[in-house]
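Per the working numbering, the sequence shown starts with residue 5, numbered consecutively.
Ideal placement from N, C-alpha and C gives every residue a C-beta, glycine not left out.
One structure is given here, and the rest of the page talks about it.
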Amino acid sequence: MSPTGPIYCETGHPWLFMAEPVNTITNVFIIVAAVLASLEVRRAKIGAPPGLIVLLFLLFATGVGSFFWHGFRTRVALAFDALPGLLFLIVFAGLWLRALWGAWAGLAGAPALIAASSAAVYAGRLYLGPDAPRGLLFAPAFAVIAAFGLVLFVATRRRFGAAVANFGGVALASAIVAAICRSIDLSVCAIAPMGTHFLWHIMLSLAAYLGIVMLARLRGRGRSSG
Numbered sequence: 005m006s007p008t009g010p011i012y013c014e015t016g017h018p019w020l021f022m023a024e025p026v027n028t029i030t031n032v033f034i035i036v037a038a039v040l041a042s043l044e045v046r047r048a049k050i051g052a053p054p055g056l057i058v059l060l061f062l063l064f065a066t067g068v069g070s071f072f073w074h075g076f077r078t079r080v081a082l083a084f085d086a087l088p089g090l091l092f093l094i095v096f097a098g099l100w101l102r103a104l105w106g107a108w109a110g111l112a113g114a115p116a117l118i119a120a121s122s123a124a125v126y127a128g129r130l131y132l133g134p135d136a137p138r139g140l141l142f143a144p145a146f147a148v149i150a151a152f153g154l155v156l157f158v159a160t161r162r163r164f165g166a167a168v169a170n171f172g173g174v175a176l177a178s179a180i181v182a183a184i185c186r187s188i189d190l191s192v193c194a195i196a197p198m199g200t201h202f203l204w205h206i207m208l209s210l211a212a213y214l215g216i217v218m219l220a221r222l223r224g225r226g227r228s229s230g
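Here it is as structure tokens:
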């Protein structure tokens with residue numbers, strides 16, 4: 005019987021109750037990132053902005069959903085792993101765009117990013133063919149998101165300065181490393197039995213934390229100038 009959903013180097017190597025022990029345990033980093041980010045939002049003294057509250061909830065939900073997905077590998081758990089993460093990306097992109105160019109940019113830009121990423125995945129499947137490693141099929145989407153993030157980083161640096169923008173820059177770099185680790189997981193099983201998917205969890209946790217810190221400081225700048 006074939007495994008449910010995506011497979012990783014750890015798939016088929018259970019320990020205790022966990023189908024994929026390292027991939028399961030490293031979701032603690034995502035939950036810790038959500039807790040630390042919530043403390044940073046409180047420290048910024050910007051109240052409780054609904055957008056940031058939603059981001060914190062989605063980050064926490066992603067950690068919990070991913071924990072159950074890698075722990076039990078059921079279709080329901082996979083949905084609770086994937087959906088909060090996708091929604092986090094959409095909301096985060098929308099809030100970053102809004103901080104730079106206003107509400108309409110946030111409303112239009114985030115769906116445009118998802119559409120462009122989906123188109124990149126489709127084009128990548130056509131180009132790479134059905135025999136391409138599964139992890140590489142999402143590489144075109146990661147490239148689109150990275151390019152999008154680079155544009156926003158440059159715009160943030162020009163408008164708000166390096167002190168705030170560098171949070172976004174390091175977040176972007178961390179996300180790129182995370183995407184690479186996710187993409188090459190099945191290609192390195194022979195030399196790294198645990199794979200590299202767990203590094204996707206760790207580096208993406210750092211990216212999410214720094215991204216939320218940046219948004220909180222951008223909001224603080226907006227309030228102070230308004």
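Could you check which residue in L208, R223, L117 and W108 has the C-alpha nearest to that of F64?
-> Position 60 of the sequence shown, counting from 1, holds the residue named residue 64. Considering only alpha carbons, the answer is L208.
For H205 and G75, the rounded distance between their alpha carbons = As a position in the sequence shown, residue 75 is number 71, starting the count at 1. As a position in the sequence shown, residue 205 is number 201, starting the count at 1. Their Cα atoms are separated by approximately 14 Å.
Assess, as a yes-or-no matter, whether the segment 84-99 is touched by the segment 110-121 under the definition of 3 or more beta carbon pairs within less than 8 Å.
-> yes
Could you give the C-beta distance for E14 and V26, rounded to a whole number, given that I count them as a contact under 8 Å?
-> Taking the first residue of the sequence shown as position 1, residue 14 is located at position 10. Taking the first residue of the sequence shown as position 1, residue 26 is located at position 22. The pair is a contact, with the Cβ atoms about 6 Å apart (cut-off 8 Å).
Of all the alpha helix (DSSP H) runs that stay within the bounds of the segment 52-131, which reach a length of 4 or more residues?
-> 54-76 and 79-105
Determine, using beta carbons only, whether R163 and L104 come nearer to each other than 8 Å.
-> For the purposes of this step, residue 163 is taken as residue 159 along the sequence shown, with counting starting at 1. For the purposes of this step, residue 104 is taken as residue 100 along the sequence shown, with counting starting at 1. Yes, they are a contact pair.
Alpha carbon of A38 to alpha carbon of L130, nearest angstrom | In the sequence shown, the residue the question calls residue 38 occupies position 34. In the sequence shown, the residue the question calls residue 130 occupies position 126. Each residue's Cα considered, the two are about 37 Å apart.
Taking three-plus beta-carbon pairs below 8 Å as touching, is the segment 180-196 in contact with the segment 145-162?
-> yes
Just list the alpha helix (DSSP H) runs in the segment 153-205, keeping only unbroken ones of 4 residues or longer that don't cross its boundaries, in chain order.
-> 166-188
Which stretch, first to last residue, makes up the alpha helix (DSSP H) that contains F33?
-> Counting from 1 along the sequence shown, the entry for residue 33 is found at position 29. Where F33 is concerned, the enclosing alpha helix (DSSP H) stretches over V32 to R47.
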